[in-house]
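Undergrad: Before we start, here is the structure in question, set down as structure tokens.
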Amino acid sequence: MALRFYDSGSWWLFDCGEGTQHRVVRSPLKWGRLEAVFITHLHGDHLFGLPGLLATRSLHGLVSPLPVFGPPGVRQFLETTLSLSETHLAFDLPVVEVADGWDRVWEDGRRVRCAQLCHGVDSFGFRIEGSAKPGRLRPEKAQALGIPPGPAYGRLKRGETVILAGGRKVEGREVTDPPQPGRTVVVLGDTEPCRAAVELARGADVLVHEATFAARDEALARRSRHASAREAARVAREAGVKTLVLTHVSPRYAGREGDLLAEAREVFSSTVLVGDGQWVRL
């Protein structure tokens, strides 16, 4: 799954199944804008496409470092695969192995936290919290203080201080609305319903949750430690998210994905289901 930031055009990749690089080529995503890769767990359908994607990025002549974040073992997988295949990358590949509670803040204020979920292997969910945006400038307030339209408005909107004739200082917060919090997106790896998923998703704008099984097959979900669409909807409802995005539907429901969506919407109406190559503007 790709998460694209529309203000910058940059994007992050979550998991990388076989053939991912080919889907990127057929998408609006730009190789030079890929900033980071997050691997939720080490099952092959979430990981086997990563060496190919890295090699393709290198062949495009990109030299900027590409960090990879994932569970313990992802470094060994990459080092072994790239070494045995004699794949030489043109860029640095910093690999960070995460653990429950891992937390990182980017330079631009974006924050990512993770929690361990409940699956057959170590599987993690990631909570991405966007950086706050400046509040809307109130021109009428600025003009009332004697500040004419011009470059000073941009400085005030950025939260800076403007000095008026006579030495009076006007701070940005005096003429702008409060900062707007960034949007929060939670991307879960494979998991059965669990408390960690609910807490990680608490109050998020968007929750991306697997829906491997239909409700009638929840006994199968328990055996493989997956979730049904209905169970994903219950997590979304309890966590108080705004929108639920269902993914990872089993091929056994090919042509009947709408049934799973209907089951989820009976519990949580603000639900959408996406498949390969589909986009949702969040």
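Residues 6 to 287, numbered by the working numbering, are exactly what the sequence shown covers, in order. Glycine residues also receive a C-beta, built at the ideal position from the N, C-alpha and C atoms.
Work out the CA separation of L39 and F10 for me, nearest whole Å.
TA: 11 Å
Undergrad: Would the stretch 41-53 and the stretch 120-128 be scored as touching if the rule is three or more Cβ pairs under 8 Å?
TA: yes
Undergrad: Got a sec? Which residues, its chain only, sit under 7 Å from E23 by beta carbon, not counting five neighbours each side?
TA: F53, G54
Undergrad: Name the two residues that bound the continuous alpha helix (DSSP H) containing D264.
TA: Segment 262-272, the alpha helix (DSSP H) holding D264.
Undergrad: I'd like to check one pair, T85 with A60: are the Cβ atoms closer than 9 Å?
TA: no
Undergrad: Return the CA-CA distance between E243 and A209, expressed in angstroms with no decimal places.
TA: 11 Å
Undergrad: Measuring CB to CB, does R132 end up less than 9 Å from V73?
TA: no
Undergrad: Kindly indicate which residue of F19, S15, G14 has the alpha-carbon position closest to the one of M6.
TA: F19
Undergrad: Look at the Cβ atom of P70, then the Cβ atom of F96, and state whether they are nearer than 9 Å.
TA: yes
Undergrad: What does the alpha-carbon distance come out to for the pair D113 and L142?
TA: Between D113 and L142, the C-alpha separation is close to 21 Å.
Undergrad: Are there 16 or more other CB atoms within 10 angstroms of the CB of R62, so buried, or fewer, so exposed?
TA: buried
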